[in-house]
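Enquirer:
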Amino acid sequence: SQELEQSPQSLIVQEGKNLTINCTSSKTLYGLYWYKQKYGEGLIFLMMLQKGGEEKSHEKITAKLDEKKQQSSLHITASQPSHAGIYLCGARRRYYGQNFVFGPGTRLSVLP
Amino acid sequence: GAVVSQHPSRVICKSGTSVKIECRSLDFQATTMFWYRQFPKQSLMLMATSNEGSKATYEQGVEKDKFLINHASLTLSTLTVTSAHPEDSSFYICSARENLGVTDTQYFGPGTRLTVL
Numbered sequence: 002s003q004e005l006e007q008s009p010q011s012l013i014v015q016e017g018k019n020l021t022i023n024c025t026s027s028k029t030l031y032g033l034y035w036y037k038q039k040y041g042e043g044l045i046f047l048m049m050l051q052k053g054g055e056e057k058s059h060e061k062i063t064a065k066l067d068e069k070k071q072q073s074s075l076h077i078t079a080s081q082p083s084h085a086g087i088y089l090c091g092a093r094r095r096y097y098g099q100n101f102v103f104g105p106g107t108r109l110s111v112l113p
Numbered sequence: 003g004a005v006v007s008q009h010p011s012r013v014i015c016k017s018g019t020s021v022k023i024e025c026r027s028l029d030f031q032a033t034t035m036f037w038y039r040q041f042p043k044q045s046l047m048l049m050a051t052s053n054e055g056s057k058a059t060y061e062q063g064v065e066k067d068k069f070l071i072n073h074a075s076l077t078l079s080t081l082t083v084t085s086a087h088p089e090d091s092s093f094y095i096c097s098a099r100e101n102l103g104v105t106d107t108q109y110f111g112p113g114t115r116l117t118v119l
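Residue numbers (this note's numbering), protein chains in the order written: chain A, 2 to 113; chain U, 3 to 119.
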């Protein structure tokens, strides 16, 4: 089973709509990262969350890590076609040690 | 914005040979660089964390003798796939961390596609 679950697996929204993508783990996470991969382009680092309850924003994208540090949500406000792509979450499962895992990704399409 | 380059972008080699991939941060210094491997269907895996002037930290299951990482300067990290085999064929991506205190971000290279015949 996936160490990190992402939902939904794919999402199609109309331009201007808000949307949320979730990243969930059954275990406490130490460092939660969000990335975006645009079709045919490279990866983009969006933000990193470490503390429970932490929230960060990057342009119209806001991500939050819950208090238990087991779930993160990525929220896009007033989506635009430029937001389309695959959103990946990644996280370290233990405070020390080499154990970084990625979620399977959420494919977002934004219809103009 | 900051730019990270990778060289080569594509390489084809014979089984048993070694291949070196370079990752450069072009306009900033990166004390930390990361190496990833991307499998078909978008599955991404962090291979190792490369720290300038010290040994790389490998993720569980990644053979350090197979994937040699050297971070000799603040702008260059190299990944050498030794004695490559067809199962090593993959898309290898690096990223460089820019930690300015107020901001801490990573910039990704465009990737290197390795095909081992």
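We put the beta carbon where it would ideally sit given N, CA and C, even for glycine.
Give the secondary structure of Asp-106 of chain U by DSSP, where H, G and I count as helix, E and B as strand, and everything else as coil.
Expert: Residue state, collapsed to three classes: strand.
Enquirer: Can you pull the DSSP bridge partners for His-59 of chain A?
Expert: For His-59 of chain A, which the question treats as bridged, DSSP gives the partners A:Ile-62.
Enquirer: Taking the runs of the beta strand (DSSP E) that are 3 residues or longer, which of them lie wholly in the region 84 to 111 of chain A?
Expert: Fully enclosed beta strand (DSSP E) runs of 3 or longer: 86 to 93 and 101 to 103.
Enquirer: Which of helix, strand or coil does DSSP assign to Glu-89 of chain U?
Expert: In this structure, Glu-89 of chain U counts as helix in the three-state DSSP scheme.
Enquirer: Using the C-alpha atoms, what's the distance from Arg-12 of chain U back to Gly-113 of chain U?
Expert: One C-alpha to the other measures close to 8 Å.
Enquirer: What is the C-beta distance between Phe-101 of chain A and Glu-61 of chain U, in whole angstroms, given that I count them as a contact (C-beta under 8 Å)?
Expert: Indeed they touch by this definition, with Cβ atoms about 6 Å apart.
Enquirer: Distance cutoff 9 Å, beta carbons only. Does Gln-43 of chain A sit that close to anything in chain U?
Expert: It should be noted that the sequence gives Gly, not Gln, for residue 43 of chain A. So yes, Gly-43 of chain A belongs to the interface.
Enquirer: Using the C-alpha atoms, what's the distance from Thr-107 of chain A back to Ile-13 of chain A?
Expert: If I take the Cα positions, the gap works out to 11 Å.
Enquirer: Can you confirm whether Leu-76 of chain U, when its beta carbon is compared against all beta carbons of chain A, has any partner nearer than 9 Å?
Expert: It does not; no Cβ of chain A falls within 9 Å.
Enquirer: Anything in the region 70 to 97 of chain A with a Cβ closer than 8 Å to a Cβ of chain U? List those residues in chain order, please.
Expert: From the region 70 to 97 of chain A, only Ile-87, Leu-89 and Gly-91 have a Cβ closer than 8 Å to chain U.
Enquirer: Of the residues U:Glu-54, U:Gly-55 and U:Thr-59, which one's Cα is nearest the Cα of Leu-48 of chain U?
Expert: Closest by alpha carbon: U:Thr-59.
Enquirer: I'd like to confirm the pairing. Which residues does DSSP put opposite Thr-78 of chain A in its beta bridges?
Expert: Paired residue(s): none; Thr-78 of chain A is not in a bridge.
Enquirer: Apart from the five residues just before and just after Asn-23 of chain A, which ones in its own chain have a Cβ nearer than 6 Å to its Cβ?
Expert: Excluding sequence neighbours, Asn-23 of chain A sits near Ser-8 and Ser-74.
Enquirer: How about Ala-74 of chain U and Leu-116 of chain U: are their beta carbons less than 9 Å apart?
Expert: Not a contact, by the Cβ cut-off of 9 Å.
Enquirer: Based on the DSSP secondary-structure assignment, which residues constitute the bridge partners of Asn-101 of chain U?
Expert: DSSP, once it has assigned bridges, lists U:Asp-106 as partnering Asn-101 of chain U.
Enquirer: Shorter than 8 Å, the distance from the beta carbon of Thr-117 of chain U to the closest heavy atom of the ligand ADP, or not?
Expert: Looking at this structure, you won't find the ligand ADP or any other ligand, since it has none at all.
Enquirer: Is the beta carbon of Cys-96 of chain U sitting closer than 9 Å to the one on Ile-23 of chain U?
Expert: In contact: Cys-96 of chain U and Ile-23 of chain U (Cβ atoms closer than 9 Å).
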